[in-house]
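*Asks:*
Residue numbers (the numbering used here): 5 to 148.
In structure tokens:
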């Protein structure tokens, strides 16, 4: 939602890019301090359906910029990042168009199923090992 342009295609982003980067870094740092973190990136929207709610303009250029910043923040922290934006872009418009609701922004049930398949096939997820001793704040013990 942060990369939407408000009011018009050339409008300001919902959240300015520099602030987005700063807040994403803070969020990742907090999350990493609490538990193991894996990040699933956004899927590309259908630009032909914009504006969303007659006032929010999403573009692939803005999505790409924000997703690249998120990926860089994850990589610098050793957090696995699944780049669904790039993956779905590579598959093409014909493949992904039927996976969205009419608003062009939200996946439909088939879209969520496609996302699920991407996530369960993700190599980093296959390496998932939850070990409570590696992070004291991630205590899975049962207390009476």
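Don't be surprised by glycine CBs; every beta carbon is placed ideally from N, CA and C.
Are three or more beta carbon pairs between the stretch 40-55 and the stretch 74-90 nearer than 8 Å?
*Replies:* yes
*Asks:* Assuming the contact rule is C-beta atoms closer than 8 Å, residue 17 and residue 33 should be a hit. Round their C-beta distance to whole Å, please.
*Replies:* Their Cβ separation, rounded to whole angstroms, is 23 Å, which puts residue 17 and residue 33 out of contact at 8 Å.
*Asks:* Bridge partners of residue 44, per DSSP?
*Replies:* 86
*Asks:* Use the C-beta contact count for residue 117: other C-beta atoms within 10 angstroms, 16 or more gives buried, fewer gives exposed.
*Replies:* The residue is exposed, with fewer than 16 neighbouring Cβ atoms inside 10 Å.
*Asks:* I think residue 73 touches residue 24, with their Cβ atoms under 8 Å apart; what is that distance to the nearest whole Å?
*Replies:* Indeed they touch by this definition, with Cβ atoms about 7 Å apart.
*Asks:* Mind checking whether residue 47 and residue 120 have CB atoms under 7 Å apart?
*Replies:* no
*Asks:* Excluding the 5 residues flanking residue 78 on each side, which residues of the same chain have their C-beta closer than 6 Å to its C-beta?
*Replies:* Counting only Cβ-Cβ distances below 6 Å, and skipping sequence neighbours, we find 43 and 85.
*Asks:* Based on Cα-Cα distance, which residue from 68, 36 and 108 lies nearest to residue 21?
*Replies:* 68
*Asks:* Would you mind sorting residue 58 into buried or exposed? The rule is 16 or more other CB atoms within 10 Å of its CB.
*Replies:* exposed
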